[in-house]
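Chemist: Going line by line, the protein sequences match chains Z and F. Heads up: the first sequence at position 7 corresponds to 7 in my numbering, and the numbers run straight through without jumps. In my numbering, each residue's number is its place in the second sequence (first place is 1) plus 1000. For glycine and all other residues, C-beta sits at the position ideal for the given N, C-alpha and C. Sharing a structure with you now.
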Amino acid sequence: MIRDFFSHNFAKFHEINRKYAKPNVEMSGWVKASLLFLRLYLILLVGLLLYKFYTLL
Amino acid sequence: MFKLSNIYYEFRRIWKAITLFFIISGPGLVVMIADNDAGGITTYAATGAKYGYHLIWFLIILVPVAYYVQEMTVRLGAVTKRGHGEAIFAGFGAFWGWFSLLDLLFVNWLTLVTEFIGMTSALRIFGVPPWLTVIGVCIIMLIMVVQGRYWTWEKIAILFCLVNLIYIPGAFLVNPSVHDIMHDGFVPHLPPGGFTNDLFFFIMANIGTTIAPWMLFFQQSAVVDKGTKEKEIPWGKVDTFVGSVVTVVVAIFIVLVTGTILKGVTIDDAAQASQILMKTHKYAGVFMAIGLFDAGFLGAVCISLASSWALGEVFGWAHSLNNKVREAPWFYGFYFVSLLTAGLVVLIPKAPLVLITLFVQVVAVTLLPAALVFLILLLNNKKTMGEYTNSLWQNIVVSTIVVAVVILSTLYGMSALFPDMFK
C-alpha cells in the first residue's frame, strides 16, 4: 500500500514536470533579466542564511 | 412630486449598486482585512506605542500600495481562471513552480503557527487554556468549510471581518485628542527624533505586514473559486479598494488606542498591550484582545486555504469550496492537517515560538520578491491577458511599489536575522 502511494505520487510529480516543461510566457530580455535577478537574489539570501547558521554553531 | 420620485429613483439605484457590491464582493475584503493578522496587530500596536500618532500619514500611503498589488491578482484570476501557484507553473515552468509552491507551503505553515500564538495568547487573557483555543478554532474552521459552498464560507468570513472593526469603538473609549490626531497624524512629517534606525525598522515592519506572499495566492485562488468573470473585474477592483481602505482604517484605530494610552511603552506583542490597557481602560483592553483573536482567526483561515488551493491547482485535485468533503478529500484534508499541526506546535511546552516568529519574516522574503515579479510578468503576457494586460502607467506604478516593497521587506527580514543591523 505504501509502495503504491509513493509510486503513484512519483508518477504525479513526473506528470506535472512534463506538463509544465515549456514555459508559456515568452522569454523576452526583460523576462530573462527578471528571472536572473530572482536567481541571484535567492543565492544571496541562502548565502546569508547559511552564514548565520555557521556563525551560530 | 417629480423631485420626490427622482430622489426615490436615485435611492433605488444606489441601493441596487450596494446590494450588487455585497453579492460580488468578498475575496478583496476578506484578504485585506485578514492582512491585519496577529503579527500585523502587534506591529500597529507597537507603532502607536512608540511614535504616538506621528506615523498615521504613513499608514494612509499603504492603501494604494496594497490595492495596486492585489488588484492584479483579480485580473489574473478572472482572465486565466488559474490560481497564482498554477499560473507560475504554466508561465515559468516546473522549476519556478515547485520553488514557489514549496516555499509557499512552508511560509504559510510557519505563519499559521504565529496566528495560533496570537489567538491562544488573546484568549488566555480571558482564562481560556491554549488547548481549548486550538481545539475550538480547528472545529470552527472545519465547520466553516465543510458545508460545501464557497458563498457560505465567504459570508461567514465577512462576519469575522466585521469583528475586526472592534478597534474603532475601542479608540473612542480612550478619548484621543482630535486636534492632536489632525495635527500629528495627517500631516506628513518625521516623528520627533528624526530619521533614526528605530524609525526605519518600524517603517519596514509596517510595509512588511502590508503585503505578504499568501495574500497574492489567496486572492487569486478565491477569485477563481468564486467564478469571477472578466466583466466583473471592475467590481473586483472596487472590492479590493474598499478592503484596502478598511484595513488601513483599522490599523489607524489601533495606533490611536496605543498611541493615546501606551505612548512610550515598549510593546512586544498585542496580547501584552491588551493586558496593560486593561489596567487603565478595561474595555479598550478587552476589545484589543478580542480583535487580536479575530485577526489570528481570519489570518489562519485564509492562509490554510491559500495553501490547499495552491496544492490542489498544481496536483489537479478537486480544490473548490463548492466541493463536498468526499469530492475533494485531499483539499480539505490538507487544510485541516495544516491547521491542526500548526495549532499543536503552540501547545508543545517550551516550543521556540519567538524563534518561529522571527524565522517567518526571514523565510517570507525568499518568496515575496519572486511572487511579485511573477505577478507583473504574467500581467504583461498579452497572449493570455488580452485587453487586461498591464498598461504602461500600471507597470510604472506597480514596478515602483514592488521595488520598494522588495527592498524594505528584505531589509526587514534581514533585521530578524541580524538584530544589530539597525541598532
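1. Given this structure, state the Cα-to-Cα distance separating F/Glu-1115 from Z/His-14, to the nearest angstrom.
2. Any beta carbon from chain Z within less than 8 Å of F/Ala-1049's own beta carbon?
3. So that I know if they touch, is there some Cβ in chain Z lying closer than 8 Å to that of F/Leu-968?
4. Can you give me the C-alpha to C-alpha distance between F/Tyr-1388 and F/Val-1406, rounded to a whole angstrom?
5. Please list the terminal residues of the continuous alpha helix (DSSP H) segment that includes F/Tyr-1412.
6. If you draw a straight line from the C-alpha of F/Leu-1355 to the C-alpha of F/Ala-1289, how long is it?
7. Thinking C-beta only, is F/Ser-1415 closer than 8 Å to F/Ile-1207?
8. Helix, strand or coil: which one does DSSP assign to F/Asn-1323?
9. Quick check on Z/Tyr-54 - is its C-beta less than 8 Å from some C-beta in chain F?
10. Within its chain, find whatever has a CB closer than 6 Å to the CB of F/Val-1113; leave out the 5 residues flanking it on each side and keep chain order.
11. Name the chain Z residues that come within less than 9 Å of F/Leu-1216, Cβ to Cβ?
12. Where F/Leu-1256 and F/Leu-1132 are concerned, what is the direct C-alpha to C-alpha distance, given to the nearest angstrom?
13. Taking the CB atoms as reference points, tell me whether F/Ala-1328 and F/Phe-1218 lie closer together than 8 Å.
14. Do F/Gly-1316 and F/Trp-1330 have their beta-carbon atoms positioned less than 8 Å apart in this structure?
15. Can you name, in chain order, every residue of its own chain whose Cβ lies under 6 Å from the Cβ of F/Gly-1091, other than the five neighbours on each side?
16. In chain Z, which residues lie with their C-beta within 7 Å of the C-beta of F/Thr-1366?
17. Once DSSP output is grouped into helix, strand and coil, what is the label at F/Pro-1213?
18. So Z/Trp-30 is in the alpha helix (DSSP H); what residue range does that whole segment cover?
19. Run through chain F and tell me which residues come within less than 7 Å of Z/Lys-12, C-beta to C-beta.
20. Check whether the Cβ of F/Leu-1062 lies closer than 8 Å to any Cβ atom in chain Z.
21. Can you give the beta carbon distance from F/Val-1107 to F/Thr-1120, rounded, assuming they're within the 8 Å contact cut?
22. Are F/Ala-1295 and F/Leu-1104 close, meaning C-beta to C-beta below 8 Å?
23. Can you check which of these residues, F/Leu-1368, F/Gly-1039, F/Val-1365 and F/Ile-1056, is closest to F/Leu-1190 by C-alpha distance?
24. Could I get the ranges of all uninterrupted alpha helix (DSSP H) runs contained in the stretch 1169 to 1238 of chain F, with 4 residues as the minimum, in chain order?
25. Report yes or no: do the stretch 1170 to 1190 of chain F and the stretch 1034 to 1043 of chain F share at least 3 C-beta pairs separated by less than 8 Å?
26. Under the three-state reduction of DSSP, which class applies to F/Lys-1350: helix, strand or coil?
27. Go ahead and pull the three-state DSSP assignment for F/Val-1265.
28. Distance, Cα to Cα, F/Val-1398 vs F/Val-1069?
29. Closest to F/Leu-1216 by CA distance: which of F/Ser-1338, F/Phe-1021, F/Lys-1003 and F/Pro-1027 is it?
30. When we look at the beta-carbon of F/Pro-1234 and count the other beta-carbons within 10 Å, is it buried (16 or more) or exposed?
31. By the 7 Å beta-carbon criterion, what residues does the stretch 1083 to 1100 of chain F contribute toward chain Z?
32. Label F/Trp-1015 either buried or exposed according to how many other C-beta atoms from any shown protein chain fall within 10 Å of its C-beta, with 16 as the threshold for buried.
33. Rounded to the nearest angstrom, what separates Z/Leu-38 and F/Ile-1088 at their Cα positions?
34. For Z/Leu-36, return the contacting residues in chain F, with the cut-off set at a CB-CB distance below 8 Å.
35. Quick check: what's the CA-CA separation for F/Asn-1323 versus Z/Val-46?
36. Which residues bound the alpha helix (DSSP H) around F/Glu-1086?
Modeler: By the coordinates alone:
1. CA-to-CA, the gap between F/Glu-1115 and Z/His-14 works out to about 35 Å.
2. It does not; no Cβ of chain Z falls within 8 Å.
3. Residue 968 of chain F falls outside the range modelled here, since chain F spans only 1001 to 1423, and no answer is possible.
4. The alpha-carbon atoms of F/Tyr-1388 and F/Val-1406 are separated by roughly 25 Å.
5. Its alpha helix (DSSP H) spans residues 1392 to 1417.
6. Each residue's Cα considered, the two are about 23 Å apart.
7. Result no, Cβ atoms of F/Ile-1207 and F/Ser-1415 do not sit closer than 8 Å.
8. Three-state result, F/Asn-1323: coil.
9. Chain F contact via Cβ: absent.
10. Taking F/Val-1113 as the centre and dropping the five residues before and after it, the same chain places the C-beta of Ala-1342, Val-1345 and Ile-1356 closer than 6 Å to its C-beta, in chain order.
11. Ordered by position in chain Z, no residue passes the 9 Å Cβ test against F/Leu-1216, which lies about 15 Å from the chain.
12. Each residue's Cα considered, the two are about 32 Å apart.
13. Note that the C-beta distance between F/Ala-1328 and F/Phe-1218 is not below 8 Å.
14. Going by beta carbons, F/Trp-1330 and F/Gly-1316 fall outside the 8 Å limit.
15. These residues qualify, in order along the chain: Leu-1378.
16. Against chain Z, a Cβ distance below 7 Å from F/Thr-1366 picks out Leu-42 and Leu-45.
17. In the structure shown, F/Pro-1213 sits in a helix (DSSP, three-state: H, G or I).
18. In the DSSP annotation of this structure, the continuous segment of the alpha helix (DSSP H) that includes Z/Trp-30 starts and ends at 29 to 56.
19. The contacting residues are Phe-1315.
20. Not closer than 8 Å to any Cβ of chain Z, the Cβ of F/Leu-1062 fails to qualify, so no.
21. Rounded to whole angstroms, the Cβ separation of F/Val-1107 and F/Thr-1120 is 21 Å, and the two are not in contact under 8 Å.
22. Not a contact, by the Cβ cut-off of 8 Å.
23. Ranking the options by Cα distance to F/Leu-1190, first place goes to F/Ile-1056.
24. The qualifying runs are 1197 to 1210 and 1213 to 1226.
25. The answer is no - the stretch 1034 to 1043 of chain F does not touch the stretch 1170 to 1190 of chain F, with fewer than three Cβ pairs under 8 Å.
26. Three-state result, F/Lys-1350: coil.
27. The DSSP-derived three-state label of F/Val-1265 is coil.
28. Spanning the two alpha carbons is a distance of roughly 7 Å.
29. If you compare the alpha carbons of F/Ser-1338, F/Phe-1021, F/Lys-1003 and F/Pro-1027 with that of F/Leu-1216, the shortest gap goes to F/Pro-1027.
30. Exposed, since its Cβ has fewer than 16 Cβ neighbours within 10 Å.
31. Result list: Phe-1089, Ala-1090, Gly-1091, Phe-1092, Gly-1093, Ala-1094 and Gly-1097.
32. So F/Trp-1015 counts as exposed.
33. Looking at the two C-alpha atoms, the distance is approximately 14 Å.
34. Within chain F, no residue comes near Z/Leu-36; the closest Cβ sits about 11 Å away, beyond 8 Å.
35. One C-alpha to the other measures close to 39 Å.
36. Run containing F/Glu-1086: 1084 to 1092, per the alpha helix (DSSP H) assignment.
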